[in-house]
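A short worksheet on the structure shown next.
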Amino acid sequence: MTTMIQRPGGGSTSLADVLDIVLDKGIVIDAFVRVSVIGIELLTIEARIVIASVDTYIRYVEAMQQLGALPRRATPPALTPPVTPPVAVYPQQTTPMETT
Amino acid sequence: MTLLLYGIVHADHPLPAGLRAVARDDLAVVVSDLGSAEPTAEDARSHLDVLCGLITTGPVLPLRFASTAADDDSVRDNALSTDPVAVRLELDRLTGMAEVHVQLTFDDTMVLGALLDEDPALARAVTGLDATVERGRHIAGRVDAWTARQADALLRPIADDLVRLADRDNGQQRWALLVRHDELDRLGDAIGALPVTATAIGPLPPYNFVSLPAKPVSRWGF
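Residue numbers (this note's numbering), protein chains in the order written: chain A, 1 to 100; chain B, 1001 to 1222.
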């Protein structure tokens, strides 16, 4: 297993990440009771997000105005596509064995 | 005895100790006896560990965490009898597949610079808190749309399917990718080669790619 993809099991994942993956996901079958889960304070999290948003808005405006005051560069930076070949599209592709 | 439910599998799916299968024909629901009265947040971890173990040996349709049933008959009647054809189709479709969550962090200055090139008016002066917040909200919307487009363009070529997940408040883009199990190493390489900061977690149960009709459309539906 490559180290780029962290394994979810064995306690290495934070509880926040686990809840993110598990909560409100998965098939719901009406006849099955869904019992409440102790220890999750969603309201607190939502309140924090609202406050953080306004902070982010103001930071964006300030950063944008600083950028606007700078001389504009000739060409904007572009994200280059990854050099790795597509993963799923060509499953049979082999590694080139060229030598120089 | 109340049962805690994990997911729907083929009836011959190998199970670890502590779990058992409630089977009907070729399908089964993986269950355990519910120990404590109510699950805690920490139980979500063991729930995920169970599902992550199960997906290594075959397809699993994960059920909502903390779903419970009164007894085996209730499990058979409600999970396995309602629409077994749809369940089989989903199990077939997800055989050999895994979900991987990818978080992308874009450099703010780079994103804002790209937006400013598109629309120089974004840097125009504003006065007053309300106008500043409104401008900031507008920029945040543009940032979100721009980064979402970039993320889609970067991730779509390396996944069989993908869906954007809800943001946290940390400015990261979160996406769920559906990939073949035997392509995970290659996916890791591809994620490492992305031109943005990326972290990934997986393989996970296919939470964001599984769907079953909630119930038959009607008694007479085909």
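A virtual CB, placed ideally from N, CA and C, is assigned to each residue, including glycine.
Own chain, CB closer than 6 Å to residue i, minus 5 neighbours either side, in chain order
i: Ala1023(B); result: Ala1011
i: Leu1080(B); result: Arg1024 and Leu1027
i: Thr1132(B); result: Val1126
i: Val1196(B); result: Leu1104 and Phe1106
i: Arg1174(B); result: Gln1103 and Leu1165
i: Leu1003(B); result: Val1031 and Ala1069
i: Met4(A); result: none
i: Met1001(B); result: Asp1033
i: Leu43(A); result: Because the pLDDT at Leu43(A) is just 45, under 50, the model does not fix this residue reliably, and the value given afterwards should be weighed accordingly. Closer than 6 Å at the Cβ level, and outside the excluded window around Leu43(A), lies no residue.
i: Leu1061(B); result: Gly1007, Ile1008, Glu1090 and Val1210
Interface residues of chain B facing residue i [CB-CB closer than 9 Å]
i: Pro71(A); result: Neighbours of Pro71(A) on chain B: none; closest Cβ ~12 Å, over 9 Å.
According to DSSP, residues forming a beta bridge with residue i
i: Ser53(A); result: Answer is none; Ser53(A) lacks a bridge partner.
i: Asp1161(B); result: Leu1178(B)
i: Arg1156(B); result: Looking at the DSSP assignment, Arg1156(B) forms no beta bridge with any residue, so it has no partner.
i: Leu1061(B); result: Ile1008(B)
i: Val28(A); result: According to DSSP, which records beta bridges pairwise, Val28(A) is partnered with nothing at all.
i: Ile1103(B); result: Note that residue 1103(B) corresponds to Gln in the displayed sequence, not to Ile. According to DSSP, Gln1103(B) bridges with Arg1174(B) and Thr1199(B).
i: Leu1003(B); result: Asp1033(B) and Ala1069(B)
i: Met1097(B); result: Arg1180(B)
i: Ile5(A); result: Ala1200(B)
i: Ala1021(B); result: Val1030(B)
i: Arg34(A); result: Ser1067(B)
The beta strand (DSSP E) enclosing residue i, as first and last residue numbers
i: Pro1203(B); result: Thr1197 to Leu1204
i: Ser1211(B); result: Where Ser1211(B) is concerned, there is no enclosing beta strand (DSSP E), given that its DSSP letter is neither H nor E.
i: Ser1081(B); result: Per DSSP, Ser1081(B) belongs to no beta strand (DSSP E) and is neither H nor E.
i: Ser1067(B); result: Ser1067 to Ala1069
First through last residue of the alpha helix (DSSP H) which encompasses residue i
i: Met1110(B); result: Asp1108 to Glu1118
i: Ala1190(B); result: Leu1184 to Gly1192
i: Ala16(A); result: Leu15 to Val22
i: Asp1072(B); result: Asp1072 to Val1075
Residues near residue i by beta carbon distance below 8 Å, same chain, minus five either side
i: Gln92(A); result: Because the pLDDT at Gln92(A) is just 43, under 50, the model does not fix this residue reliably, and the value given afterwards should be weighed accordingly. Nothing meets the Cβ criterion.
i: Ile1139(B); result: Leu1112, Leu1115 and Leu1122
i: Ala1193(B); result: none
i: Asp1182(B); result: Gly1096
i: Ser1211(B); result: Glu1090
i: Phe1209(B); result: Leu1094, Met1097, Glu1099, Asp1161, Val1163, Ala1176 and Leu1178
i: Leu1005(B); result: Val1029, Val1030, Val1031, Leu1063, Ser1067, Thr1068, Ala1069, Val1075 and Ala1079
i: Arg1088(B); result: Asp1026 and Leu1027
i: His1101(B); result: Leu1165, Arg1174, Trp1175, Ala1176, Leu1177, Ala1200, Ile1201, Gly1202 and Leu1204
i: Leu1019(B); result: Tyr1006, Val1030, Val1031, Ser1032 and Val1050
i: Ala1198(B); result: Val1102, Gln1103, Leu1104, Thr1105, Ile1191 and Gly1192
i: Glu1042(B); result: none
Where residue i meets chain A, residues with beta-carbon distance less than 7 Å
i: Asp1026(B); result: Near Asp1026(B) there are no residues of chain A at all, since even the closest Cβ is about 18 Å away, more than 7 Å.
i: Asp1108(B); result: Ala63
i: Asp1049(B); result: Gly9
i: Ser1081(B); result: Those within 7 Å of Ser1081(B) in chain A number zero; the least Cβ separation is about 11 Å.
i: Phe1065(B); result: Val22, Leu23 and Gly26
i: Val1060(B); result: None at all; the shortest Cβ gap to chain A is about 10 Å.
Under 8 Å from the C-beta of residue i: neighbouring residues of chain A
i: Ile1055(B); result: Chain A residues near Ile1055(B): none, gap ~10 Å exceeds 8 Å.
i: Thr1105(B); result: The contacting residues do not exist; Thr1105(B) stays about 13 Å from chain A at best.
i: Leu1122(B); result: Met64 and Gly68
i: Gly1136(B); result: Val54, Thr56, Tyr57, Ile58, Arg59, Tyr60 and Val61
i: Ser1032(B); result: Within 8 Å Cβ-Cβ: nothing; Ser1032(B) doesn't reach chain A, min ~14 Å.
i: Val1133(B); result: Val54, Tyr57 and Ile58
i: Ala975(B); result: The question about residue 975(B) has no answer here: the residues shown for chain B are numbered 1001 through 1222.
i: Trp1151(B); result: Rather than Trp, the amino acid found at residue 1151(B) in this sequence is Ala. Going along chain A, no residue has its Cβ under 8 Å from Ala1151(B), so there is no contact; the nearest lies around 10 Å.
i: Ala1044(B); result: Leu15, Val18, Leu19, Val22, Leu23 and Val37
i: His1181(B); result: Those do not exist, as His1181(B) stays about 11 Å from chain A at its closest Cβ, beyond 8 Å.
Cutoff 7 Å; reference residue i; Cβ partners in own chain excluding five residues on either side
i: Ala1159(B); result: Leu1177, Leu1178 and Val1179
i: Ala1151(B); result: Leu1104, Gln1173 and Trp1175
i: Ile1055(B); result: Ala1098, Pro1203 and Pro1205
i: Pro1016(B); result: Gly1053
i: Pro1142(B); result: First, the amino acid is wrong: residue 1142(B) is Arg here, not Pro. So the list reads Leu1115, once near-sequence residues are dropped.
i: Phe944(B); result: A question about residue 944(B) goes unanswered here, because the residues of chain B that appear run from 1001 up to 1222.
Within chain A, partners of residue i - CB distance below 9 Å
i: Val1126(B); result: Val61 and Gln65
i: Ala1011(B); result: Per Cβ cutoff of 9 Å: no residues; Ala1011(B) is ~18 Å from chain A at best.
i: Leu1019(B); result: Here the premise fails: no neighbours, minimum Cβ distance about 15 Å.
Residue i beta carbon near the ligand MG (any heavy atom closer than 7 Å)
i: Asp17(A); result: Of ligands this structure carries none, so the ligand MG is not represented either.
May I have a chain-ordered list of the alpha helix (DSSP H) segments no shorter than 4 residues that lie completely inside the segment 1024-1059 of chain B? 1041-1054
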